[in-house]
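For the sequence shown, the tail end lands on 587 under the working numbering, and the numbers increase by one without skipping.
Glycine included, each C-beta is placed from N, C-alpha and C at the ideal position.
This structure is a prediction, so every number in the text was calculated from the model and none was measured.
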Amino acid sequence: MNPLQNICSYYYINSPVVLMHKINIQIKLIITFFTIIVVPYFNYFILDTITLLILTVVLFLSLKNYEYILIYLAYIYYVYYTTDYNKIPSTLKLSKIYLPHYINILFITKQNPIHLSLKISLNYYIYYLPYYVKKIMLLNISQFIILNILYKFTRQELILSILTKKIFRLSKFKYFQSIKYNMMVYISFQMLDKTIADITKLKFSIQIKYANWKQINYIYSYPILIQIFCRYLINVVESLNYNSLIIWNRNLKETCFDELWIDLQYKYIE
Numbered sequence: 318m319n320p321l322q323n324i325c326s327y328y329y330i331n332s333p334v335v336l337m338h339k340i341n342i343q344i345k346l347i348i349t350f351f352t353i354i355v356v357p358y359f360n361y362f363i364l365d366t367i368t369l370l371i372l373t374v375v376l377f378l379s380l381k382n383y384e385y386i387l388i389y390l391a392y393i394y395y396v397y398y399t400t401d402y403n404k405i406p407s408t409l410k411l412s413k414i415y416l417p418h419y420i421n422i423l424f425i426t427k428q429n430p431i432h433l434s435l436k437i438s439l440n441y442y443i444y445y446l447p448y449y450v451k452k453i454m455l456l457n458i459s460q461f462i463i464l465n466i467l468y469k470f471t472r473q474e475l476i477l478s479i480l481t482k483k484i485f486r487l488s489k490f491k492y493f494q495s496i497k498y499n500m501m502v503y504i505s506f507q508m509l510d511k512t513i514a515d516i517t518k519l520k521f522s523i524q525i526k527y528a529n530w531k532q533i534n535y536i537y538s539y540p541i542l543i544q545i546f547c548r549y550l551i552n553v554v555e556s557l558n559y560n561s562l563i564i565w566n567r568n569l570k571e572t573c574f575d576e577l578w579i580d581l582q583y584k585y586i587e
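Given below as structure tokens:
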């Protein structure tokens, strides 16, 4: 098992050189962040279509994930062939979310004449969520996919360097306070690396405990996903507490960061 399997730098190093690698980095950043800014203003149908198109490209790039592709195609068929967007009343403010939790497959055989039939029972929970929650979920998924594509074809260090230089240039404005924002940028990248490491550890733990992970029914894996999400939240809180304790024990104050960033600012300008 490779501990760098889910890190963006690993994907960048092992990805073949394609057209996306040859595009100017600043152009890729402009297109990426412009897309992220514009997407929230789309309606649900356009947003669903864009998300499904992006997922289609990502999934079909890896033909080994045939199980996910079949589930994905079934989802497209269910959504777009059973939903009529023109008949949804404008006063409807809620959307249904179906979460299956139990499935039972029963084979029935008859002797005279020999006949075999299959009975499938599916139990699921129905949750009513506001439409804005659905849109937030789609936005998060689309933004995650777009940023993941960006990091696969661009080195993370170059992206951070360009964004930091742009922020330092903005600091030349008289009334622009950039020190706190610069500090937040670097801390956010540290938290991102910590989050990726936590997710990687969770994945390896599941693979060790469940040797036949690929053979587990997706319906029964739902409680495991809930445990992963809860463990992820706990790790985030523990990381925040750990960083806060380090800053407090070292008696670091805001003025210390101000002096540090002023020094870095002069170095970048020079």
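Which listed residue (the options) has its alpha carbon closest to that of residue i
i: L435; options: Y441, C547, F521 and N421; result: N421
i: L464; options: H338, I344 and I353; result: I353
i: K413; options: N558, Y442 and I342; result: Y442
i: F424; options: I342, I437 and F351; result: I437
i: N440; options: K482, F359, H418 and T426; result: H418
i: L456; options: Y358, Y444, T426 and L562; result: Y358
i: I628; options: I551, K483 and Y445; result: Because the chain is modelled from 318 through 587, residue 628 falls outside the range shown and cannot be assessed.
i: Y445; options: R472, Y415 and C547; result: Y415
Three-state class that DSSP yields for residue i in the structure shown
i: N264; result: Outside the displayed span of the chain (318 to 587) sits residue 264, for which this structure offers no information.
i: T517; result: helix
i: F351; result: helix
i: F359; result: coil
i: T426; result: strand
i: I586; result: Because the pLDDT of I586 is 44, which lies under 50, any placement of that residue in the model is unreliable, and the number read from its coordinates should be weighed accordingly. Three-state DSSP puts I586 in a helix.
i: W578; result: In this predicted model, W578 has a pLDDT of only 48, less than 50, meaning its place in the structure is not dependable enough to derive any value.
Proximity below 9 Å, CB of residue i to CB of residue j
i: V356; j: S459; result: yes
i: I453; j: I342; result: no
Nearest-angstrom Cβ-Cβ length linking residue i and residue j, presumed shorter than 8 Å
i: L480; j: K345; result: Their Cβ separation, rounded to whole angstroms, is 12 Å, which puts L480 and K345 out of contact at 8 Å.
i: F598; j: H338; result: What is shown of the chain runs 318 to 587, which leaves residue 598 out entirely.
Residue i CB to nearest heavy atom of the ligand ATP below 8 Å
i: I462; result: Looking for the ligand ATP in the displayed structure turns up nothing, as the structure carries no ligands at all.
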